[in-house]
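Read the structure below first, then the notes.
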Amino acid sequence: LRVQLLKSEKFSIVSELAASVAHEVRNPLTVVRGFIQLIGSENRDPKEKEYVKLVLSELDRAQEIITDYLNLAKHQHFDKTQINLSTLLTEIENIMISYANYKNVQICSEIAPSLTIYGDQSRLKQVFINLIKNAIEAVPESGGNVMIKAYSSHDVVRIKIQDNGNGMSEEQLERLGEPFFTLKERGTGLGLTVTFSIVENHLGSIRFQSALKKGTTATVTLPSYIEKIEKEEAIR
Ligand code: ADP
Ligand code: MG
Numbered sequence: 008l009r010v011q012l013l014k015s016e017k018f019s020i021v022s023e024l025a026a027s028v029a030h031e032v033r034n035p036l037t038v039v040r041g042f043i044q045l046i047g048s049e050n051r052d053p054k055e056k057e058y059v060k061l062v063l064s065e066l067d068r069a070q071e072i073i074t075d076y077l078n079l080a081k082h083q084h085f086d087k088t089q090i091n092l093s094t095l096l097t098e099i100e101n102i103m104i105s106y107a108n109y110k111n112v113q114i115c116s117e118i119a120p121s122l123t124i125y126g127d128q129s130r131l132k133q134v135f136i137n138l139i140k141n142a143i144e145a146v147p148e149s150g151g152n153v154m155i156k157a158y159s160s161h162d163v164v165r166i167k168i169q170d171n172g173n174g175m176s177e178e179q180l181e182r183l184g185e186p187f188f189t190l191k192e193r194g195t196g197l198g199l200t201v202t203f204s205i206v207e208n209h210l211g212s213i214r215f216q217s218a219l220k221k222g223t224t225a226t227v228t229l230p231s232y233i234e235k236i237e238k239e240e241a242i243r
């Protein structure tokens, strides 16, 4: 079993400029998508329909890449509050079930109740969606399992996303989080870059344990909310 710790240096490569350009490009794309959809809804021969479908799917892919870029912006605002992580994870599990079904993957979870952290709800949601999505995409055609575990341990909360997929070599593990590193035909290679930067912003860490052909476990560690309050009291 291989273990790899990931460092923060990898996060800072893609610039904020890219994010602002991405933001500008989003609007015309939305307009184009609308009109293409309109064209596609008219009576068309099958070949034209096929082309419209292709254009739409490529537009959606561009949209996805842009969203990942936007999330890379370094000095973006994080809207942090006290969060019930148990509720959030259950919600995320429900969101991911349809994607898992589509990929013939079983999702199950063991989530301790009332896990509380301090953070940005929508960004943390993205962290877990990215990790679960990768887990689902890593498993073979049939017999895929993804397990979500969450529990508190001393002054931290740990969330484990475990899959029985392809696993990764040491070289692959080392490249995780590097912008544009992907082994997927249609991957952006930005998912984990975004994920790491969000977790880092929350003073947390991610560790990957992986074995080829056996599977991967991603472990996210975040400070628990109680700890934060205690620390603040200690400072006062
Ligand atoms: P993308 O999913 O677009 O490829 P990511 O940054 O999310 O980009 O992931 C980068 C790469 O890391 C993936 O292409 C894949 O090779 C590898 N990876 C990530 N998670 C897993 C996993 N659970 N099992 C195996 N490989 C993984
Ligand atoms: Mg991904």
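Numbering-wise, my numbering comes out as the position in the sequence shown, counting from 1, plus 7. Backbone N, C-alpha and C fix where the C-beta goes; we use that ideal spot for every residue, glycine too. Just so we're clear, the structure is a prediction, and the values are computed from it rather than from any experiment.
Nearest to residue i (by Cα), restricted to the options the options
i, options, result
"Ile143", "Ile124, Val164, Ile168 and Leu122", "Ile168"
"Thr74", "Arg130, Arg51 and Pro230", "Arg130"
"Ser159", "Ser105, Leu92 and Val32", "Leu92"
"Leu77", "Val62, Thr223, Ala107 and Gly198", "Gly198"
"Phe135", "Asp86, Glu185, Ile166 and Arg51", "Ile166"
"Ile43", "Leu61, Lys54 and Pro53", "Leu61"
"Tyr106", "Gln128, Asn137 and Gln179", "Asn137"
8 Å Cβ cutoff met for residue i and residue j
i, j, result
"Ile124", "Tyr232", "yes"
"Gln113", "Asn152", "yes"
"Ala69", "Leu36", "yes"
"Ala157", "Val146", "no"
"Ile155", "Glu98", "no"
"Asn111", "Ser149", "yes"
"Ile90", "Gly126", "yes"
"Asn171", "Gly222", "yes"
"Ile102", "Thr195", "no"
Buried or exposed by the 16-neighbour rule on C-beta atoms within 10 Å, applied to residue i
i, result
"His30", "exposed"
"Leu190", "exposed"
Residue i: CB within 7 Å of a non-hydrogen atom of the ligand ADP
i, result
"Asn152", "no"
"Ala142", "yes"
"Asp127", "no"
"Leu36", "no"
"Asp170", "yes"
"Ala145", "yes"
Closer than 7 Å: residue i CB and nearest the ligand MG heavy atom
i, result
"Asn50", "no"
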